[in-house]
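Participant: I am attaching a structure below and will ask some questions about it afterwards.
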Amino acid sequence: MNPFRALILNLEGDEVISRIGEVSEAELIAAAPEGAEVTVRVTCSTLNYKDGLAMAGLGKVVRRYPHIPGVDLAGEVTQSDVPLWKPGDKVIAGGYGIGEKAWGGFAGFARLHPDWLVSLPPSLTMRQAMAIGTAGLTAMEAVTVLEEHGLTPGDGEVLVTGAAGGVGSTAVAVLAALGYEVTASTGRADTHDYLKALGAAHIIDRAELSTPPEKTLLPERWAAGVDAVGGTTLATILASLKHGAGVAATGLVGGSELTTTVIPFLLRGVNLLGIDSVQLAMERRRRAWARLATDLPLEKLESMIQDTRLEELPELGRRILNGLVRGRVVVEMDG
Ligand SMILES: NC(=O)c1ccc[n+]([C@@H]2O[C@H](COP(=O)([O-])OP(=O)(O)OC[C@H]3O[C@@H](n4cnc5c(N)ncnc54)[C@H](OP(=O)(O)O)[C@@H]3O)[C@@H](O)[C@H]2O)c1
């Protein structure tokens, strides 16, 4: 393997500095976690909110430097020490600490644990798989968990918050394609047409949800929620879920604190359902990818994509932390 390009993070004083540099095979193997026995040539990666945190040195996402971020990647196996994977296999990987504890996808190659890989669904290209990425997987898992709790189309409005972001856009598109009546909550007026094209039936301003609820119970409105915002927004959703309904908590862009009462749980039997894509069991992960390959219309996925280059990722990382990225960012690697 020749040295390959990567986005490398280093700690200088208290500051995390990123640069594009070259990495050798020996460096890749030395940095690989125990049991990482498969080398993947990265074809595409993507930008998640967590990558924005990692590049900014926030959220304790990265604890060892130098580091290569990128929680998702899609590519081809070039070398494997285990029979499970062989050179030429097309794979995707995300979660399990990739781009956090292990070097990630913002590089020409990655060295990964065999149990972290999923076969690329045959109906998806690598670019499409990365347009989905961890954000899309999380949205799909949220929808599945809500359905396991009894949600069916026809139950009423399903609220998606942070709707123009990565998790939100995918949730809107999947829910609409499955026949749900989707209400998209956004803070950006210029995304309304985009969200309607993804399938949102109604749009509300996120300010409506972000002031603390005046009462412990608000009028029953939502049949379910997929929430990427957390904080007061999540408290408001809990107070306005229909009896027996659930909200899937996926994110914290609006705050990690949750101030609520037990009243909606006791008087309305509502459910707060946590979603963790990092440690998601492999069986559920495979099922989510299989559902995404069928339940997410590809033309809608295409409308979410912003293609970019490795060099642009630090700036896009700053933008995603400020809620300014629409949909999903895909970066094609050049090996
Ligand atoms: N649980 C998991 O396993 C998992 C997996 C992936 C992501 N996440 C988390 O999910 C969240 C969303 O990730 P993402 O990749 O979708 O990020 P993203 O693309 O940046 O989307 C977040 C969206 O939230 C809205 N927003 C931004 N700042 C806000 C604020 N201060 N108050 C209210 N809304 C705000 C914006 O949408 P509008 O402009 O439309 O309002 C923004 O586009 C993050 O917290 C991320 O860490 C969790």
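Each residue of the sequence shown is one higher than the one before, starting from 4 at the first, in the numbering used here. In this text, a Cβ means the ideal position worked out from N, Cα and C, and glycines have one as well.
Just to check, is the beta-carbon of Gly257 closer than 7 Å to a non-hydrogen atom of ligand 1?
Facilitator: yes
Participant: In whole angstroms, what is the alpha-carbon distance linking Tyr68 and Val170?
Facilitator: 28 Å
Participant: For Gln282, count neighbouring C-beta atoms within 10 Å of its own C-beta (all shown protein chains included) and say buried if the count is 16 or more, exposed if not.
Facilitator: Label assigned to Gln282: exposed.
Participant: I need the straight-line Cα distance from Gly107 to Asp75, nearest angstrom please.
Facilitator: 7 Å
Participant: Taking three-plus beta-carbon pairs below 8 Å as touching, is the segment 34–50 in contact with the segment 72–91?
Facilitator: yes
Participant: Going by DSSP, what residues sit across from Ser83 in a beta bridge?
Facilitator: Its beta-bridge partners are Val41.
Participant: Can you tell me whether DSSP reads Lys303 as helix, strand or coil?
Facilitator: Collapsing the DSSP output to three states places Lys303 in a helix.
Participant: By Cβ distance below 6 Å, which residues in the same chain neighbour Leu324 in space, the five residues on each side in sequence not counted?
Facilitator: Gly55
Participant: Using alpha carbons as the reference points, say which of Thr219, Asp92, Ala248 lies closest to Thr155.
Facilitator: Ala248
Participant: In this structure, how does DSSP classify Ser106 when only helix, strand and coil are distinguished?
Facilitator: Per the sequence presented here, residue 106 reads as Trp, with Ser not at that position. Of the three classes helix, strand and coil, the one that applies to Trp106 here is coil, per DSSP.
Participant: Could you name the residues of the same chain whose beta carbon sits closer than 7 Å to that of Gly338, not counting the 5 residues immediately before and after it, in chain order?
Facilitator: Per-residue confidence for Gly338 stands at a pLDDT of 42, beneath the threshold of 50, marking its modelled position as unreliable; no derived number is given.
Participant: With hydrogens ignored, establish whether the beta-carbon of Gly102 is closer than 7 Å to any heavy atom of ligand 1.
Facilitator: no
Participant: Here's a check: name, in chain order, each residue in its chain whose Cβ is nearer than 6 Å to the Cβ of Arg294, leaving out the five neighbours to either side.
Facilitator: Met143
Participant: Ordered along the chain, which non-local residues of its own chain (more than five positions away) have a Cβ less than 7 Å from that of Val177?
Facilitator: Ala142, Met143, Val146, Asp298, Leu299
Participant: Go to Trp225, then tell me how far its alpha helix (DSSP H) extends in each direction, as first and last residue.
Facilitator: Annotation for Trp225: no alpha helix (DSSP H) segment contains it, though the beta strand (DSSP E) segment containing it runs 225–230.
Participant: Indicate whether Val332 and Thr49 have their beta-carbon atoms separated by less than 8 Å.
Facilitator: yes
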